[in-house]
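Numbering (mature numbering (1 follows the signal peptide of the UniProt record, and there is no 0)), first residue to last: -23 to -1, 1 to 903.
All C-beta atoms, glycine included, are put in the ideal place defined by N, C-alpha and C.
Keep in mind the model is a prediction, meaning the values are calculated, not measured.
Contents: one structure, followed by commentary.
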Amino acid sequence: MSTMVVWFVFLAIMFLNNAGVAGQADDTGFVSIDCGLAGNSSYKDASSTLTYSSEEAFIDTGTNHNISAAYVTSTLSPHYLNVRSFSNGIRNCYTIRSLVKGEKYLVRATFMYGNYDGLNKGVIFDLHIGVNYWKTVNISNPDKRTIAEVIFVAPVDYIQVCLVNTGLGTPFISSLDLRPMKNSLYPLANSSQSLALQHRLNAGPTDTTIIRYPDDPHDRMWEPWSNYPYWTEITTSSHVQNVQNDIFEVPSVVLQTAVTPVNATPANTSELKFFWLPDPPDKDPEYLANLHVSELMNLTKDQKREFNITLNDAMFSPGPFSPEPLYANAVYGFKPVHGRQQYILTLKATANSTLPPIINAVEVFVVLQVSGIPTDSADVSAINTIKSQYQIKRDWYGDPCVPKTYAWDGLNCSDAVSGSPRITVLRLASSGLTGEVTNAFANLKALQTLDLSHNNLTGSIPAVLSELPSLALLDLTGNKLNGSIPSALLKKSKDGSLTLRVADNADLCYDGTECNQSKKKSNSSKITIAIIVPIVVVLILAAAGILIICKFRRPGSSKKPSINPQNPENPDISSTMNTSLQLENHQFTYRDLKQITNNFQREIGRGGFGVVYRGCLVDGTQVAVKMQCDRSTQEVNDFMVEAQHLIRIHHRNLVSLVGYCNDQNCLALVLEYMSEGSLQDHLRGRARGGQPLTWRERIQIALDSAIGLQYLHKGCNPPLIHQDVKPNNILLNAKLEAKIADFGVSKAFRSNEDTHVSVSSPVGTKGYIDPEYFMTLRLTEKSDVYSFGVVLLQIITGQPAIIEGTGPNSEYVNVTAWVRQRLSRGNIESVVDARMQGDYDINSVWKAADVALKCSAENGAHRPTMTEVVVQLKECIELEVAAGRNHNIYSGNSSNGHPSGVCQNGIHAIEQQLVSITMAGGPIMR
């Protein structure tokens, strides 16, 4: 049958079996989802007789695709013909509701790539069941069908199956099934551990059909298993009975076939062996095995089948085992095994046995410890209501708090010490929220901080917010709220139990009386303004005229010449230097430099620009002198770019320019001296006698660097992109204050309206270059954000940007992929720099890692701005300080988050979400 005919038949089945409303469990309680099925449709699968529906009711992210026609066959199950893929976001989750908390379920996911995207490349990603790691899915062949299955106890009344992007390809899925199980089945699957299937094998079938529903009422999938010609197949048509209180309920059709060794003569010397390997091989999973055995022959008095079972030469069964005729028997392990390169099960006949050993079916499970506790269900319901009402477009999928690596942006949560995590902080500043303040906020009962500042919220402040028992900060600054502030909130504000911020809400007032008075004041103020404004305008114009006259009458006044750019075609120079940058004001001669450096006596470093010397000015100020005497045209251009940038930018977190030299065929930059060298020196143990940086020092250095970049992006007019953010270009002074350096390849936007700079080839350092910039040649602010994310991961881990793998055939891997892979299992200690010896607040490190991974997202649209990064890093420091690890480190920048620098070409106001208090436009509550 041709592939075109197969597609036609499949589409016809879709149409004829369309059930209308999809997304509900059938009469068996089964939920069967065909991922990638178009529309709100469903169909009946011919082989299983089960109804499969589209995922419309279960997920709202991802895109649908059909597999390539080259991989469509007449025997391929319909749910493999299409997939749902997730190119956006790190974690995308299916949510299946109406479960019963404490009940047992089986969940199965299937995957077939089928070259649906035309890229014909492999993909590796992680699966999570709820908030716990389930399995790493490794797809290498387009036609390979992969099945993942887990038996678990529902911790809440819903379950989420999440596909997690680990940076090794776009996650996708073909189908997703949920099957209720009896609680008496698989007793080793409980509230503390789940069982992830590795193998479920049906020994000795006469064909290659997978046995599932309706033959197995629980819809387990039993794959055919044979080892011809080494095994003999035995079958019976007689019904095989389950024992009373059977804990596995293997269907009769599975137990009606079995295998024994070939040529078992003499029988009492024969044995059956089979083995499995750890998966993945570089891990050490814990395994449980179930052996299902039934005697299928009518034995005579002279016949006896008896055998011992060993696992890697250790007894698996307590003694010799004799299966009962036509009854389900099971031998299974109670204690997980691990630590072996391979696992060998051996069934060996005893000396008394006249028949060889027999096996009907085998199950092998990986034990998954249930370490993560999902967020409090009431909090989940409330935050989802908030997300839905305001149509919040963030990477808010899966559990809000757990795992911490994927906690929702803008949330802080309590640790699950004695119960479920609770949402304690919700920051939605500058998130474009519109409409009224929903009462759902009041359902977050553990909330301590609620920041809704700088949105477009209207209506009154709900009085119910005063009922939040732990609320300590409520920030409603910069909205369009009206009416009176609830008296209960005012009372809490006055007694000091609540910090209330309500500035810049023009129509908001304390009570009804003040509201009326404010309207009267507003009318009278309009009259006053109408009178005063014309007078003020006249006075300003008059003053301006006087200033102009004085300027043109000043004797000897003349315009200072600007230095001409070395390359007029370079927009970084020609757009700015010809106008107002007067480099002559900062010029040194070569002779000056010889005196400053004591004839270039003390070399303190080397870089791409040249040699760096330590020097001292006449007033005793120490400086660093970057020298380059064998200069090419490009080096001259880079020098002029860096000089002109340094002239116009001034900020405490940027290395400042003292002067420059262009004399005697030598170029030089005279910069402020940074006595503690580069961040790279400290991370590699080459500074302070090898003494490692503490976590408090590291996170402060990260914050300083972020504020420096924030200033370049938001404080300069036009914005400036550094383009080479890396630890070598972050320098530290004697107080370990961090400053961004090396602006030789920086790019300035032509205007504030520009969104990117187009380049002919990417510039930067391998391991730090934004992959999106590398592919599109469009440089944006988010390119610096990506590089900063890599640097922040290095600060956390102490690892280089590109990590060399271990083993003979290992490859290099970027630190972002290295960290994502390890954190997907919820263990932050596996990535933190061991030199800190655990001296850090784990919540602070988790948050920093989360910020770093968001910064290094492949899609620039999913990365935060540097302004948002600054806010998050300040919270990291607050967490560290709150844990009692202040270490008397300097506090860094001003508390309101504004950069303390100026830019001669103009300055932008820093984004309002950093402003904690705005004095204009309303009462301030503290």
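Does DSSP put residue 932 in a helix, in a strand, or in coil? With the chain running from -23 to 903 in the structure shown, residue 932 is simply not present.
### Query
Ala15: buried (16+ other C-beta within 10 angstroms of its C-beta) or exposed?
exposed
Which residues does DSSP list as the beta-bridge partners of Val740? Answer is none; Val740 lacks a bridge partner.
Problem set entry | C-alpha distance - Ala645 paired with Arg591, whole-angstrom precision | 13 Å
Within this structure, are the beta carbons of Ala834 and Leu769 separated by less than 8 Å? no
Starting from Ser447 and walking both ways along the alpha helix (DSSP H), at which residues does that stretch end? Taken as a continuous stretch (DSSP letters only), Ser447 belongs to no alpha helix (DSSP H), as it is neither H nor E.
Exercise. Using alpha carbons as the reference points, say which of Ala305, Ile36, Ala173 and Gly837 lies closest to Val114.
Key: Ala173
Query - Proximity to Thr671 [Cα-Cα], best of Ile438, Asn167, Val858 and Gly181 - result: Val858
**Item:** Length-filtered (3 minimum) beta strand (DSSP E) runs lying within the stretch 32 to 66
**Value:** 40 to 43 and 59 to 62
Open item on the list: Output needed for Gln280: all residues of its chain with C-beta closer than 7 Å, excluding positions within five of it in sequence on either side, in chain order.
Closed with: Thr331 and Leu332
First and last residue of the uninterrupted beta strand (DSSP E) at Pro748: That residue, Pro748, is in no beta strand (DSSP E); its alpha helix (DSSP H) goes Pro748 to Thr753.
Task: Whole runs of the beta strand (DSSP E) within the stretch 637 to 694, excluding any shorter than 3 residues - done: 643 to 649
Q | Arg252, buried or exposed, once every other Cβ within 10 Å from all chains shown has been counted against 16 | A | Note that residue 252 is Phe in the sequence shown, not Arg. Per the 10 Å Cβ criterion, exposed.
**Asked** Which same chain residues, not among the five before or five after Pro302, have their C-beta less than 6 Å away from its C-beta?
**Response** Glu272
Practice task
With 8 Å as the threshold, decide whether the Cβ of Lys724 is near any Cβ in chain D.
Solution key: The chain inventory of the structure shown lacks chain D, comprising one protein chain alone.
- Query: Between which two residues does the alpha helix (DSSP H) containing Ser464 stretch?
  - Reply: Ser464 to Lys471
Original post:
With DSSP run on the structure shown, which of helix, strand or coil describes Cys139?
Top reply: strand
Practice prompt. Could you check how far apart the C-beta atoms of Ser764 and Leu708 are, in whole angstroms? I think they sit under 8 Å.
Written response: Not a contact, Cβ separation roughly 16 Å.
query: Any idea what DSSP makes of residue 904, helix, strand or coil?
result: In the structure as shown, the chain begins at -23 and stops at 903. Residue 904 is therefore absent and cannot be evaluated.
* Name the residue from Trp111, His105, Lys364 and Ile36 whose alpha carbon lies nearest to the alpha carbon of Cys12. => Ile36
Does DSSP classify Asn204 as helix, strand or coil? coil
Start and end of the alpha helix (DSSP H) containing residue 959?
The question about residue 959 has no answer here: the residues shown for the chain are numbered -23 through 903.
Residues near Phe577 in its chain [Cβ-Cβ closer than 6 Å; skip 5 each side]
Tyr590
- Query: Hey, which unbroken runs of the alpha helix (DSSP H) at 4 residues or more fall wholly within the stretch 305 to 330?
  - Reply: none
Exercise for review: Quick one: give me the first and last residue of the alpha helix (DSSP H) that Met89 is part of.
Suggested key: Not the alpha helix (DSSP H): Met89 falls in the beta strand (DSSP E), residues Lys81 to Met89.
| Spatial distance of Asn160 from Tyr82 (CA atoms) | 9 Å
Name the two residues that bound the continuous alpha helix (DSSP H) containing residue 921. Because the chain spans -23 through 903 in this model, residue 921 falls outside it and cannot be assessed.
Along the chain, where does the alpha helix (DSSP H) that runs through Lys824 open and close? Ile819 to Cys832
Nonlocal neighbours in the same chain, by C-beta distance under 7 Å from Asn416, ignoring five residues either side: Pro439 and Val441
| field | Option in Glu80, Ala305, Glu283 and Leu288 with minimal Cα separation from Pro297 | value | Glu283
- Going by C-alpha distance, which of Asp701, Ala305 and Gly91 is nearest Asp747? Asp701
Taking the alpha carbon of Pro704 as the point to measure from, which residue in Gly692, Arg317 and Arg675 has its own alpha carbon closest?
Arg675
task: Measuring alpha carbon to alpha carbon, tell me which of Asn706, Leu713 and Lys712 ends up nearest Gly741.
output: Asn706
Three-way DSSP call (helix, strand, coil) for Pro333 in this model: coil
**Prompt:** Helix, strand or coil for Pro704 per DSSP?
**Reply:** helix
Exercise for review: Express the C-alpha separation of Tyr688 and Val828 in angstroms, rounding to a whole number.
Suggested key: 19 Å
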